[in-house]
Structure formats: C-alpha cells, structure tokens
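This report concerns only the one structure given below.
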Amino acid sequence: MDTPQPLYSAATVRELDRRAIAALKIPSLALMKRAGRAAFAQLQQRWPEVRRIQVFCGGGNNGGDGYVIAALAAQKQIPVTVYACVDPGKLQGDAREAHDYAHREGVHIVTSLTELDDADGDTVAVDALLGTGFAGELREPVAHAVERINACPGPVLAVDLPSGLHADSGAAAHAVQADVTVTFIGRKLGLHCGRGPALCGEVVFDTLGAPEQIYADAEVLAQRFDGASIARLPKRAADSYKNQFGHVLIVGGDSGTGGAALMAAQAAARSGAGLISLATRPEHLVAALTRCPEVMAHPVISGQELEPLLDGPTVIAAGPGLGRAPWGEQLLARAGRAAVPLVLDADALNILAGGRVLAGLQRDDWVLTPHVGEAARLLGCDSAEVLADPRAAAIAVQQKFSGVVILKGAGTVIAHDGGVDLINSGNPGMASGGMGDLLTGIIAALLGQHLSPLRAARLAVWLHGEAGNRAAEDGQRGLLATDLLPCVRRLVD
C-alpha cells in the first residue's frame with residue numbers, strides 16, 4: 011500500500027523551496043529554471059502539435075517561471091509571445107534574470123493586452139501571473155489578464171496554481187480555469203479542495219529533484235489519500251457467516267422520502283453488511299420489500315416504536331429522508347443514544363444543528379457526513395464561510411461534535427482527532443439526488459465489518475467516488491445514485 015500524499019500551506023512550500031536550494035547547493039534562479047523546464051515539458055507532452063504559445067507573466071517568481079517557459083519555447087522555434095503584467099523595468103531578482111533570459115532568446119514581450127494577437131484553438135495559454143502569495147481579490151491588470159486567458163479557445167496550462175486560487179484554502183472568486191496545472195516542490199492543499207479541483211484541471215506534481223530530507227518536520231495541513239493508499243477490507247474466510255459482518259439499521263424515510271432510506275439500505279447491502287434493517291414509515295414497506303427483499307423493513311410511527319429495534323443492530327445510520335418533523339426528531343433522539351457506532355447524514359444533521367435533540371452530545375464512535383450547507387448549519391454560519399475554507403470548517407465541526415467528520419465535496423475533507431485527510435474522488439455527474447444516501451449506507455456497512463470510524467470514512471469516500479467514476483463511463487449527465495450500486499459491489503470485494 012502506498013503512503014498518502016502530504017498537503018502543505020503556501021508558507022510551508024516557500025520554506026521547502028529555501029531548503030531545496032540549500033540542500034541542492036544551487037542558486038534560486040537554477041531552481042526557477044528547473045520549474046520552467048518541468049512545465050514546458052508537460053506542455054510539449056500534452057500538446058505536441060502546439061503552433062503558438064502565449065505566456066501571461068506576473069512580477070514575482072511565478073512570472074519568472076513563465077519567462078523561462080517562453081525562452082524554452084523560443085529555443086524550440088515555437089512562436090511565443092509574453093504579456094508582461096508588470097513593467098519589465100520594475101522586475102527584481104530571479105524574475106528579472108528570467109526576463110532577461112527570455113529577451114536574449116528573442117521572445118516577443120508586450121506590456122499591453124491589446125498588443126496580443128487573438129488566440130485560436132492551436133494556441134496554448136500559459137498562466138504565470140500569480141503564485142502562492144496571492145490572497146484576497148484580483149486587481150487590475152491581473153483581473154483583465156485572467157479574463158483574457160479564460161477566453162482563449164485553446165488549452166490552458168497553469169504554473170504552480172491557477173491565478174486567483176488561494177493556495178491554502180482552495181477559495182476563489184475569479185480565477186484562471188486551467189486544463190493542466192504543474193505544481194512544484196510541495197503539494198498545496200488549495201489545489202485539491204474548495205474550488206481547486208474545478209479550476210486546476212489535471213494536477214501534475216514535480217519535486218524538481220529536491221531531496222527527501224527537506225520534507226522532514228515540515229508542517230502538513232492534510233494527508234491526501236487515493237485508492238492505492240487506503241486500506242481495504244480483508245479477504246473473507248471460507249467459513250464466514252452473516253453475523254460476522256455487522257447488522258446495520260437504517261433510520262429514516264419520512265412521508266414522501268422513503269427512497270432515501272431505502273437507497274442507504276441497498277448501499278449497505280451491496281457494501282457487504284451481513285444484515286440490514288430499515289425503520290421507516292409504514293407506507294414505505296411495500297416498496298422496500300419489492301425493491302430489496304433482503305432488507306428487514308419495520309414500520310415505525312414514533313420513537314417509542316423504534317426502541318425495540320435498537321437492541322439487535324451493531325451499527326445505526328440515521329438521516330436519509332428523516333425529515334425535521336417531530337417523527338424524525340423522536341427517532342433521532344433514541345437512535346443517537348444507542349451504544350453502537352453511528353452514521354448521521356442529511357436531516358439527522360439538520361436536527362442536530364437545531365440544538366433540541368442530542369444537545370451537547372459528543373461521541374468518538376460516530377461519523378457525521380455534512381455537505382456544505384449542513385456544515386454551515388452545524389456551525390451556525392453561512393455556506394460562503396464553509397466554502398472559503400473547507401478544512402477549517404471540517405475541523406470546527408469535529409471539535410464541536412467529536413468523532414469523524416466527512417465534509418463532502420469535489421475534494422472531500424475528513425477531520426478526526428489525529429488531523430485532516432483529503433480524498434479527491436468522483437465526478438460532476440454525481441451532483442444528483444441520493445448520492446449522499448449511498449455514502450451513508452457504505453460507511454455503515456464498513457463499520458459493521460469492523461473498520462474503525464476513520465478507516466471506514468476513508469474507504470467509503472473513495473469507494474463512493476470511484477463507483478461514480480465507473481458508472482459514469484457511459485456519460486455523466488443523467489447518472490443516478492442507484493447506477494453506482496453494481497460498481498460498489500465490485501469495488502468493495
């Protein structure tokens with residue numbers, strides 16, 4: 011099993027740059043040229059038939075990388091123009107040296123966007139405007155340059171990160187939309203969470219030859235897991251029997267939303283749970299038994315009727331279709347006090363946020379799975395604050411409620427007592443109803459199969475996203491939550 015990838019802040023990456031220069035015993039300009047060569051190599055690899063390049067350069071080291079790319083293009087006799095966002099006469103240090111390098115190679119450098127020719131589909135735009143030091147809002151002339159890059163009909167390569175993206179949080183109001191981002195020395199958290207996954211395109215990482223020792227004791231913001239770095243379920247013994255693999259009780263499905271609870275139950279079944287029970291409104295029983303006869307469906311009309319069903323399960327998942335009416339509150343009040351691991355999603359989280367049910371409760375053995383809006387309600391803030399820093403929001407929810415918190419998104423953040431994990435898995439086709447219900451069922455099934463809450467969270471998030479990727483091979487639009495079930499079954503084995 012591979013190890014997870016550490017994700018750093020911009021400040022830490024700058025420190026890693028300093029350490030790399032010292033360890034390699036090279037000038038900082040030499041490291042800049044390595045970065046430029048790495049980015050240019052990716053450009054050539056991705057678009058070998060490129061006919062023209064436009065490089066948009068800022069005034070810092072990121073701009074210096076852009077000037078190096080332009081010089082290399084000129085050496086290959088590829089027509090290249092640089093738009094200098096900062097007057098070259100005001101450049102200093104390595105950025106000035108890189109500019110002079112490009113000038114010596116005959117690169118055409120302009121200082122006004124009106125001097126740039128219109129790009130076509132054969133033109134690659136290179137974003138080297140802003141680096142990891144950016145924060146706040148774009149100002150002119152950078153904002154206009156970002157608009158010009160995004161209007162280019164051809165592909166866009168971003169150097170280190172798309173301009174306008176916050177390296178630490180992934181926040182962005184107005185930023186470059188890249189097809190490929192080549193990043194260096196240390197992986198920045200913001201490329202993988204918040205708006206990062208939508209803006210970066212494919213992320214390519216290059217250490218620039220930095221030795222391993224420079225990473226010792228560097229502060230890590232999060233660990234990024236993928237399919238190769240997540241522990242799987244052990245192989246089952248030949249004499250296995252159902253009671254060894256957990257009894258999951260799904261609690262939910264108020265009037266009109268029975269499908270949510272049933273999909274969670276199906277997901278738990280397809281993820282390997284030994285037994286599945288469903289506590290739901292009486293009117294949903296026929297549909298449940300018709301759709302999935304393996305599920306033991308029980309009608310409940312009050313929290314009191316739920317009480318006898320709490321003795322058998324080894325895991326309880328509450329929330330899918332639960333609603334926020336007294337019926338849902340009663341069921342959650344009882345389920346939340348059960349002495350077995352819990353998964354809370356959807357309206358269970360909204361009820362919890364209201365403060366009338368399970369007030370002040372903290373548990374080490376529960377997994378909370380909010381999306382952005384639910385996280386905002388749990389924290390008493392608005393969604394914009396959560397989006398501005400998903401890592402900080404996930405940590406805040408975890409500190410308030412304990413356990414493991416899964417803040418869902420294109421870069422899903424998992425906060426726990428030991429730190430923060432991040433998993434990029436899934437695709438835009440999964441932006442449809444019921445996907446969260448499936449994740450709830452998968453987590454519950456993995457808890458039933460004796461994974462810890464943290465291990466269950468990691469594996470479930472990856473399984474859910476990878477199943478979505480496989481189900482979307484026939485197209486993303488129109489992807490339904492239940493389309494993922496056959497894929498989940500194959501992946502979990």
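Here the numbering used here is used: the first residue of the sequence shown is 11, the next is one more, and so on.
Don't be surprised by glycine CBs; every beta carbon is placed ideally from N, CA and C.
The beta-carbon separation of G451 and A307, rounded to 14 Å, does not stay under the 8 Å limit for a contact. A distance below 7 Å between beta-carbons, with the five flanking residues on each side excluded, links I326 to the following residues of its chain, in chain order: L259, V261, A345, A348, V350, L352. Each residue's CA atom was taken as its position, placing P165 and A80 some 16 Å apart. Look at C210 here: in three-state DSSP terms it is helix. From the listed residues A394, R366, S442, the smallest Cα separation to R205 is found for A394. The C-beta of N434 has 16 or more other C-beta atoms within 10 Å across all chains shown, which makes the residue buried. Cα atoms of L41 and D75: separation of roughly 10 Å, rounded to the nearest angstrom. In the structure shown, W57 falls within a coil segment according to DSSP collapsed to helix, strand and coil. With the rule of 3 Cβ pairs closer than 8 Å, the region 181–201 counts as touching the region 17–27. When only Cα atoms are considered, A454 and L359 end up about 16 Å apart. Annotation: G256 to P463 spans about 14 Å, alpha carbon to alpha carbon.
Across the structure, A181 and L285 are spaced so that their CA atoms are roughly 42 Å apart. Counting C-beta pairs with one atom in each stretch, the region 299–306 and the region 467–479 have fewer than three that are closer than 8 Å, which means they do not touch.
By alpha-carbon distance to P58, the top candidate from Y18, V134, W376, A297 is V134.
The beta carbons of A32 and Q223 sit no closer together than 8 Å. When the Cα atoms are used, A94 and A425 turn out to be separated by approximately 42 Å. Three or more beta-carbon pairs drawn from the region 126–142 and the region 51–67 are found closer than 8 Å, and the two stretches are therefore classed as touching. In the structure shown, Y93 adopts extended strand secondary structure according to DSSP, grouped into three states.
Excluding its 5 nearest sequence neighbours in each direction, V367 has C-beta neighbours in its own chain below 8 Å: E339, L342, A343, G346, I361, listed in chain order. Runs of the alpha helix (DSSP H) lying entirely within the region 178–249 and spanning at least 4 residues, in chain order: 206–210.
In this structure, P309 is the residue among K43, P309, G485, D137 with its C-alpha nearest to the C-alpha of S287. Short of 8 Å from the beta carbon of G70, and not among the five residues preceding or following it, lie these beta carbons of its own chain, in chain order: A105, L140, G141, G143.
For the 8 Å CB-CB criterion, V90 and V117 form a contact.
The alpha carbon of H474 has as its nearest neighbour, out of L501, R487, G146, the alpha carbon of L501.
Nearest in C-alpha terms to P336, of all of D357, T324, Q15, is D357. Taking C-beta atoms as the reference points, L448 and A491 count as a pair closer than 8 Å. Inter-residue distance for G329 and G282 is about 21 Å (C-alpha atoms, whole angstroms).
When secondary structure is reduced to three states using DSSP, H308 falls in the strand class. DSSP places N71 within a helical segment (H, G or I) once states are collapsed to three.
A Cβ-Cβ contact shorter than 8 Å links D178 with G200. Apart from sequence neighbours up to five positions away, the residues of its chain that approach F411 with a beta-carbon distance below 7 Å are Q372, L378, ordered along the chain. Across the set G444, V430, G266, A470, the C-alpha of V430 shows the shortest separation from the C-alpha of Y18. When beta bridges are read from the DSSP output, N434 appears opposite G421.
Following the DSSP letters along the chain, one finds H257 in no alpha helix (DSSP H) but inside the beta strand (DSSP E) bounded by residues 257–261. DSSP places Y18 within a strand segment (E or B) once states are collapsed to three. Taken in chain order, the complete alpha helix (DSSP H) segments of 4 residues or longer contained in the region 447–483 are 463–481.
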